[in-house]
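Residue numbers (the numbering used here): 1074 to 1432.
Structure (structure tokens):
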């Protein structure tokens, strides 16, 4: 007669949240069973420690709280810029000659910079820094004539506030080890396998009596995770029968970047600025740290500066592909395409292996 055994489950296929909950609940059930907790202390201790490490990693992998502060600072900055722009525009038609002339000069300055509050965050910040430097320098006289000095100072301060927060968030992100969650999960899985092997071995040696209740409960949990989390069907198998191995999860990678229309089939990595661009990938889905598509797709130049694709231009997103509008005013040259996704809650950085050429 075959004795009860805890069946196998490939926990590598679970997302981070489900993986943590499966092991956390398993640990709780093991510790509640007085017989197993006494017999297997040597294996429970490292399992518990590994789960604790996974919990800590999940916490540091979540959305940066600085993102909310950046969004608020950006809102304040954009309001200040719009206030300045609208005031200058209104003064162009004033009947007072010196005021109208000063307004015309500043209005042309606004047109020259073409700042759009909806543009990519870092780009807007850089342009506004130069913009306000002009207003406090060579155009200070015109600003003073229109009594806008305090408005310009407020705009400059708001812009520096955004820049400071961006730097803080970059430092915070740099402190994260991108592969840390994966490494920690592997240690949890290894400790789990050793514990289960020992429990199954005790059953073979001592019999089922002291282990049957735990095994039945654990196998029921495993079957539920296989069906509801891993998407497997139970078929006609009973808990004691051997399961087909679960396929290994796909290695995250970007498989293609190309111009959607009018591209060169012989040189697909040559992409015209402003054109619709397709990206194919596998092993992950697109998801930003704050749940949006901001700071998800980036173009990295040879100085390692990242030009982030605006979320509003990213469309037709599926599990394996998306499209975006290539930045129209980016400098010609070669760039690496980088995707930083928070699929499963932890940061994952994937780069296309070949550089693209913008023209």
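C-beta: ideal position from N, C-alpha, C; glycine also.
Tell me whether residue i sits in a helix, a strand or coil according to DSSP, three-state version.
{"i": "residue 1354", "result": "strand"}
{"i": "residue 1413", "result": "strand"}
{"i": "residue 1398", "result": "strand"}
{"i": "residue 1079", "result": "coil"}
{"i": "residue 1268", "result": "helix"}
{"i": "residue 1369", "result": "coil"}
{"i": "residue 1113", "result": "coil"}
{"i": "residue 1406", "result": "strand"}
{"i": "residue 1421", "result": "strand"}
Hey, quick one: how far does the alpha helix (DSSP H) through residue i stretch, first residue to last?
{"i": "residue 1297", "result": "1285-1301"}
{"i": "residue 1158", "result": "1139-1164"}
{"i": "residue 1090", "result": "1089-1105"}
{"i": "residue 1216", "result": "1213-1218"}
{"i": "residue 1221", "result": "No alpha helix (DSSP H) holds residue 1221; DSSP gives it neither H nor E."}
{"i": "residue 1174", "result": "1170-1186"}
{"i": "residue 1335", "result": "First-last for residue 1335: undefined, no H or E at that position."}
{"i": "residue 1067", "result": "Within the shown structure, residues of the chain are numbered from 1074 to 1432, placing residue 1067 beyond reach of any answer."}
Between which two residues does the beta strand (DSSP E) holding residue i run?
{"i": "residue 1332", "result": "1326-1332"}
{"i": "residue 1346", "result": "Careful: residue 1346 lies outside any beta strand (DSSP E) and carries neither H nor E."}
{"i": "residue 1429", "result": "1429-1431"}
{"i": "residue 1392", "result": "Where residue 1392 is concerned, there is no enclosing beta strand (DSSP E), given that its DSSP letter is neither H nor E."}
{"i": "residue 1380", "result": "1379-1381"}
Do the CB positions of residue i and residue j come within less than 8 Å of each other?
{"i": "residue 1205", "j": "residue 1171", "result": "no"}
{"i": "residue 1277", "j": "residue 1117", "result": "no"}
{"i": "residue 1295", "j": "residue 1109", "result": "no"}
{"i": "residue 1408", "j": "residue 1426", "result": "no"}
Residue i to residue j, Cα distance in whole Å?
{"i": "residue 1265", "j": "residue 1120", "result": "6 Å"}
{"i": "residue 1330", "j": "residue 1080", "result": "42 Å"}
{"i": "residue 1197", "j": "residue 1153", "result": "13 Å"}
{"i": "residue 1215", "j": "residue 1397", "result": "41 Å"}
{"i": "residue 1290", "j": "residue 1326", "result": "38 Å"}
{"i": "residue 1383", "j": "residue 1275", "result": "58 Å"}
{"i": "residue 1374", "j": "residue 1292", "result": "52 Å"}
{"i": "residue 1345", "j": "residue 1261", "result": "47 Å"}
{"i": "residue 1371", "j": "residue 1102", "result": "45 Å"}
{"i": "residue 1173", "j": "residue 1223", "result": "19 Å"}
{"i": "residue 1158", "j": "residue 1148", "result": "15 Å"}
{"i": "residue 1179", "j": "residue 1128", "result": "55 Å"}
Can you tell me whether residue i is buried or exposed? The criterion is at least 16 other CB atoms within 10 Å of its CB, across all chains shown.
{"i": "residue 1161", "result": "buried"}
{"i": "residue 1259", "result": "exposed"}
{"i": "residue 1328", "result": "exposed"}
{"i": "residue 1422", "result": "exposed"}
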